[in-house]
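Visitor: Quick note: the sequence shown, position 24, residue 68 per our numbering, numbers continuous.
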Amino acid sequence: MNSELSLLIAESRGVKARADANNKELKKLKEKLRVFMIDSGIKECDGVKIRRTF
């Protein structure tokens with residue numbers, strides 16, 4: 045019972061760590077996209093709109 049609980053806790057921590065890493069990567073990609081769109085003068089493309097500008 046205790047070992048099963050320990051495995052579940054370890055697994056959940058691993059999932060959270062991967063989710064955090066993916067979230068950071070997604071934020072970086074969104075920022076790159078936003079900067080590219082602003083530099084190119086694009087306000088909307090494929091349903092993606094810029095909400096904030098510099």
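We treat Cβ as the ideally placed atom computed from N, Cα and C, and that holds for glycine. Keep in mind that this is a model prediction, so the values were computed, not measured.
According to DSSP, is Lys60 helix, strand or coil?
Guide: Here residue 60 is taken as the residue at index 16 of the sequence shown, counted from 1. Lys60 falls in the helix class under three-state DSSP.
Visitor: Which residue's Cα is closest to the Cα of Met81: Val59, Arg95, Ala63 and Glu69?
Guide: In the sequence shown, residue 81 corresponds to position 37, counting from 1. Ranking Val59, Arg95, Ala63 and Glu69 by Cα distance to Met81 puts Arg95 first.
Visitor: For Asn46 and Arg62, what's the separation of their Cα atoms in angstroms?
Guide: The residue labelled residue 46 in the question sits at position 2 within the sequence shown. The residue labelled residue 62 in the question sits at position 18 within the sequence shown. About 24 Å.
Visitor: Straight-line CA distance for Gly85 to Gly58?
Guide: Counting from one through the sequence shown, the residue named residue 85 turns up at place 41. Counting from one through the sequence shown, the residue named residue 58 turns up at place 14. If I take the Cα positions, the gap works out to 41 Å.
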